[in-house]
Amino acid sequence: KKVDTIIKLEDLNEAVLFNPRNAYQNYNCAINLSDRTIYTYMGIVKPNLGNASYSTSGQLSPLLNDPYYKTIGVGTRIFLGGGIGYVAWNGTQHHPNVLRGENGVPKVGAGTLAVIGDLKQMDPNWLVGLSYIGYG
């Protein structure tokens with residue numbers, strides 16, 4: 011059987027956005043030592059150390075500013091996609107028991123957050139899809 015139809019957000023009773031990995035503490039930096047271009051979810055990584063790709067919100071990073079999760083945790087209200095969201099649980103690849111500096115900030119990848127929010131209350135100016143050339 012086949013169904014061919016259009017479903018709009020306003021047609022749905024409920025629509026929930028769940029994102030399993032956010033706010034990664036000290037995420038990896040990608041470099042490429044090979045002689046060919048590599049296409050990754052972090053963007054294009056050029057050959058022969060042609061660039062470095064990393065992702066951080068720097069000084070605004072919630073988990074770098076709260077390295078031991080004393081303020082941020084399950085139920086914390088957050089800004090998500092232009093609307094209201096909540097921390098649902100720890101995120102994928104969450105690994106809090108790592109080597110840390112004197113200020114508590116991890117020296118390697120550590121904590122992550124899984125978040126959830128009402129998609130119908132979000133704003134398309136803050137929530138868009140994307141695609142990386144050559145990846146996926």
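End of the sequence shown = 146 in this note's numbering, gap-free, step of one. Backbone N, C-alpha and C define an ideal beta-carbon position, used for all residues, glycine too.
Counting along the chain, no beta strand (DSSP E) covers L43, and no H or E run does either. Boundaries of the beta strand (DSSP E) harbouring L123: L123 to D128, taken from the DSSP string. In the DSSP assignment, P116 forms a beta bridge with R110. When C-alpha distances from N23 are compared across G95, I126 and Q131, the shortest belongs to Q131. Straight-line measurement puts the Cα of K80 at about 32 Å from the Cα of G139. Counted as a single uninterrupted DSSP element, the alpha helix (DSSP H) harbouring P72 occupies residues P72 to N75.
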